[in-house]
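Residue numbers (this note's numbering): 89 to 256. Don't be surprised by glycine CBs; every beta carbon is placed ideally from N, CA and C. Single-structure report; data block below.
Dropping the structure here:
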């Protein structure tokens, strides 16, 4: 995920950034940033590396993220899923995934989101907190295939969770 974040960061900045700035921003070492930039170059991201005293890295200004990675239907479905998730989860509202889609194609993103906002109204009084302790415990049990203890009417029951369902 950091590789994608580096691409978006460089695109947002639109100018030369030093390796130190990137390392500080992503809280990693300069060597890690260098390895990440090497990986990005290998997959075809047109990076321009400036060496020396006024050195740094930037993405070629003519570069656009390929829209061919997703079909239009995939793009629409992802935006719809984000719209629903951001409407019911206070944790996802803080994510910047929507901003990343805007960078790829702001006009198309806005058009699709506008269509869904007109057609689907999601009205939840309480937002669902996927980061609360109960959800974290169930999530951990699902990931690691653990049993969890549940207390119902003063009885302890061990259960093996198969999914987490949020309903109103």
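Two segments are said to touch when three or more pairs of C-beta atoms, one from each, lie closer than 8 Å; by this definition the region 193-207 touches the region 163-170. For residue 139, the closest of 251, 122 and 127 by C-alpha to C-alpha distance is 122. Distance from the CA of residue 232 to the CA of residue 252, rounded to the nearest whole angstrom, comes to 14 Å.
Rounded to whole angstroms, residue 224 and residue 230 show a C-alpha spacing of 10 Å. Per DSSP, reduced to three states, the secondary structure at residue 203 is helical. With fewer than 16 other CB atoms across the displayed protein chains lying within 10 angstroms of its CB, residue 92 is exposed. Residue 94 holds the alpha-carbon nearest to the alpha-carbon of residue 129 among 227, 94 and 195. For residue 90, the enclosing alpha helix (DSSP H) has its first and last residue at 90-101. Here DSSP, grouped into helix, strand and coil, assigns residue 131 to coil. Within a 10 Å sphere around the beta-carbon of residue 242 sit fewer than 16 other beta-carbons, which makes this residue exposed.
Beta-bridge annotation (DSSP): residue 243 is paired with 240. Residue 102 holds the alpha-carbon nearest to the alpha-carbon of residue 145 among 221, 102 and 114. Less than 7 Å separates the beta-carbon of residue 188 from that of residue 96.
Secondary structure of residue 209 (DSSP, three-state): coil. Under the DSSP assignment, residue 147 falls in the beta strand (DSSP E) whose first and last residues are 144-147. Per DSSP, the unbroken alpha helix (DSSP H) holding residue 232 starts and ends at 221-232. Measuring C-alpha to C-alpha distances from residue 100 to each of 176, 120, 148 and 118 identifies 148 as the nearest.
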